[in-house]
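In our numbering, the protein residues as written are 11 to 56.
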């Protein structure tokens with residue numbers, strides 16, 4: 011899984027873009043819930 015950090019102003023959410031095969035998933039996840047995001051990304055990595 012590749013990650014990149016976009017420069018710019020501070021944000022209240024994390025933007026995650028996943029590309030698998032022909033499927034693209036864009037997530038805009040609130041910073042207040044990053045533990046849940048980490049759990050979701052761990053599941054995707056399995």
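Cβ coordinates follow ideal geometry from the N, Cα and C atoms, glycine included.
- By the CB criterion at 8 angstroms, residue 23 and residue 38 fall inside the cutoff.
- The distance from the Cβ of residue 46 to that of residue 36 is about 17 angstroms, inconsistent with a contact at the 8 angstroms cut-off.
- The beta carbon of residue 40 lies closer than 6 angstroms to those of 23 in the same chain, with the five residues before and after it left out.
- Per DSSP, reduced to three states, the secondary structure at residue 34 is strand.
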